[in-house]
Amino acid sequence: MKSVKITPKTEEVQLQIETNLSEQDFETQNYFLETEISFHGKILNTVKGAIDNNYQTLKIPIAQEGNKYIVQKWSTEHPNLYDITYRLYCHNQKIDEVESYFGIREISIKGDKIFLNEEPLYLKMILDQGYWKESHLTPTDEETILKDIQAVLDFGYNGIRKHQKIEDERFLYWCDVKGVLVWSEMANAYCFNDESLQNFTNEWIKVVKQNYNHPSIITWVPINESWGGPEISDCKKQQDFANSIYYLTKAIDNTRPVISNDGWEHTISDIITIHDYKQDSMLLLQEYTDQERKVLNNLKPYNGNHRLFANGYKYEGQPIIMSEYGGIAIDSDKGWGYGKQVQDEKELIERFTNLTNTVKNIPYLSGYCYTQLTDVQQEINGLMDENRNYKINPNIVKEINT
Numbered sequence: 022m023k024s025v026k027i028t029p030k031t032e033e034v035q036l037q038i039e040t041n042l043s044e045q046d047f048e049t050q051n052y053f054l055e056t057e058i059s060f061h062g063k064i065l066n067t068v069k070g071a072i073d074n075n076y077q078t079l080k081i082p083i084a085q086e087g088n089k090y091i092v093q094k095w096s097t098e099h100p101n102l103y104d105i106t107y108r109l110y111c112h113n114q115k116i117d118e119v120e121s122y123f124g125i126r127e128i129s130i131k132g133d134k135i136f137l138n139e140e141p142l143y144l145k146m147i148l149d150q151g152y153w154k155e156s157h158l159t160p161t162d163e164e165t166i167l168k169d170i171q172a173v174l175d176f177g178y179n180g181i182r183k184h185q186k187i188e189d190e191r192f193l194y195w196c197d198v199k200g201v202l203v204w205s206e207m208a209n210a211y212c213f214n215d216e217s218l219q220n221f222t223n224e225w226i227k228v229v230k231q232n233y234n235h236p237s238i239i240t241w242v243p244i245n246e247s248w249g250g251p252e253i254s255d256c257k258k259q260q261d262f263a264n265s266i267y268y269l270t271k272a273i274d275n276t277r278p279v280i281s282n283d284g285w286e287h288t289i290s291d292i293i294t295i296h297d298y299k300q301d302s303m304l305l306l307q308e309y310t311d312q313e314r315k316v317l318n319n320l321k322p323y324n325g326n327h328r329l330f331a332n333g334y335k336y337e338g339q340p341i342i343m344s345e346y347g348g349i350a351i352d353s354d355k356g357w358g359y360g361k362q363v364q365d366e367k368e369l370i371e372r373f374t375n376l377t378n379t380v381k382n383i384p385y386l387s388g389y390c391y392t393q394l395t396d397v398q399q400e401i402n403g404l405m406d407e408n409r410n411y412k413i414n415p416n417i418v419k420e421i422n423t
């Protein structure tokens, strides 16, 4: 087998199986697939199905007692995972066997709210660029990955906005196991031309297909802050590209929200996101609680000269997330943060508290994402430094987030 696309539902698992067999193989061989689903070691169902072309769809009931389906859903509190085993047979001889897993969960949008398994979801995320001092974008080992994920939980966040990076599969595996929500974001180009469009599109298709089966991923973010489309605010061609990527992503995966351009200058988007690094909490609150809602209604710029929507687009009642704020740095000549640097941990706690409580008090937000988890080279605005030493007591951050 080449790949398996798993779409769990409350009553069945739909498998789209892509094999890598030639027409001659099909003419001369007799292939079938045996799929076994289990939970905590208990086998729930085993189904056999013939494979008669390179793309085969099988629907497998998960578990049934009488007329009821018993489903253990995946959530942040209970990250339940089912085991699944695939056995490929040819003329009744087993020729391949692969073990994997899946989680049953539904992420949905109703009006201006986000729901996980039909329960309202308020996102408390932290931005994570996934850099390590010794190896840069490559985690050195599994313990390194687990340390970062545990820090996210210790700080009281329920999700990670993985920024400008498609993370190691082991990272996503542990997010699945630990119940950590993930926004998966593409690394963007800095120019807009035919070559960049082709490269981006080809690579993004591979990203979505490769990571489709991870229950922890709840949102796709193909573009960030108009990178790779710097004139998207006014350029119809660049807007068309953002919209085409939105619809392309939906065609591959219609189970997750898609954000066309995170931060500002949105075109078609399931969630509207705001990036704002004001360090004065009162000014931040006033920006988003004015009676006319000027930012939301595209009547005024914010964060420099950006507007929330590209020309020709407007707010349509989607959920709104403050997906970048904060970025506070302790005084140092080795790098930068946003705004004036604070002098010490005490000042860091004070500003973090004021900014986070302000964001939480903006009534129409469905969540937030603080910048950021760790320092990244010259960006010294993490809650931990590059060596993963805490700059601030995680219990204090957890209490503020809670």
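Count along the sequence shown from 1, then add 21; that gives the number in the working numbering. Just so you know, even glycine gets a beta-carbon here, dropped at the ideal spot from N, CA and C. This structure is a prediction, so every number in the text was calculated from the model and none was measured.
Residue i - containing alpha helix (DSSP H), residue span
i    : result
T240 : From DSSP, T240 is part of no alpha helix (DSSP H) but of the beta strand (DSSP E) over I238 to V242.
D169 : E163 to D175
V198 : E190 to K199
E366 : E366 to K381
W225 : D215 to N232
P29  : Premise fails: P29 lies in the beta strand (DSSP E), S24 to P29, not in any alpha helix (DSSP H).
Selected residue, minimal CA-CA separation from residue i, among the options
i    : options                   : result
V229 : W204, I147, D255 and E308 : W204
H157 : N416, S265 and Q399       : Q399
F176 : V397, T374 and I383       : T374
F123 : Q231, T159, G62 and H235  : H235
K30  : F53, D365, Y103 and K23   : Y103
V418 : Y107, E366, L386 and Y385 : E366
E308 : D215, V380 and E139       : V380
S24  : L109, Q171, R409 and R314 : L109
Contact under 8 angstroms by Cβ, residue i with residue j
i    : j    : result
T270 : W241 : yes
I83  : V68  : no
K130 : P340 : According to the sequence displayed, residue 130 carries Ile and not Lys. Their beta carbons are under 8 angstroms apart, which means I130 touches P340 by this criterion.
G403 : L144 : no
L376 : K412 : no
Q259 : F213 : yes
W225 : I289 : no
N324 : H296 : yes
Q93  : F60  : yes
S237 : D291 : no
N332 : S217 : no
R372 : I349 : yes
N319 : R328 : yes
Cβ distance (whole Å) where residue i is taken to contact residue j below 8 angstroms
i    : j    : result
I401 : G356 : 4 angstroms
T294 : I342 : 5 angstroms
I72  : N66  : Between N66 and I72 the Cβ distance is about 19 angstroms, and since that is not below 8 angstroms, they are no contact.
W183 : E407 : Before going on, a small fix: residue 183 reads as Lys here, not Trp. Contact flag wrong, Cβ pair sits at about 18 angstroms.
L79  : T56  : 7 angstroms
Y359 : Y298 : 4 angstroms
Nonlocal neighbours in the same chain, by C-beta distance under 8 angstroms from residue i, ignoring five residues either side
i    : result
K361 : Q300
N378 : S302 and I421
G338 : G132 and D133
T276 : T28, E127 and I128
E98  : G200
K167 : Here the sequence assigns Leu to residue 167, which means Lys is not the residue at that position. For L167, where only same-chain residues beyond five positions count, the Cβ hits under 8 angstroms are W195.
Own chain residues within Cβ distance below 7 angstroms of residue i, not counting five before or after
i    : result
N51  : C111 and H112
Y233 : K26 and D274
L137 : S96, R126 and I128
V173 : I147, I181, V201 and L394
E188 : G151
N245 : Q185, E206, N209, D283 and G284
T310 : I383
Proximity test, Cβ basis, 8 angstroms: residue i and chain C
i    : result
N410 : Annotation note: the requested chain C is absent from the structure, which comprises a single protein chain.
N-terminal and C-terminal residue of the beta strand (DSSP E) that residue i is part of
i    : result
Q114 : Q114 to F123
Same chain only: Cβ atoms within 6 angstroms of residue i, ignoring 5 sequence neighbours per side
i    : result
Y424 : Any answer about residue 424 is impossible in this case: the structure gives the chain only from 22 up to 423.
F192 : I166
N414 : none
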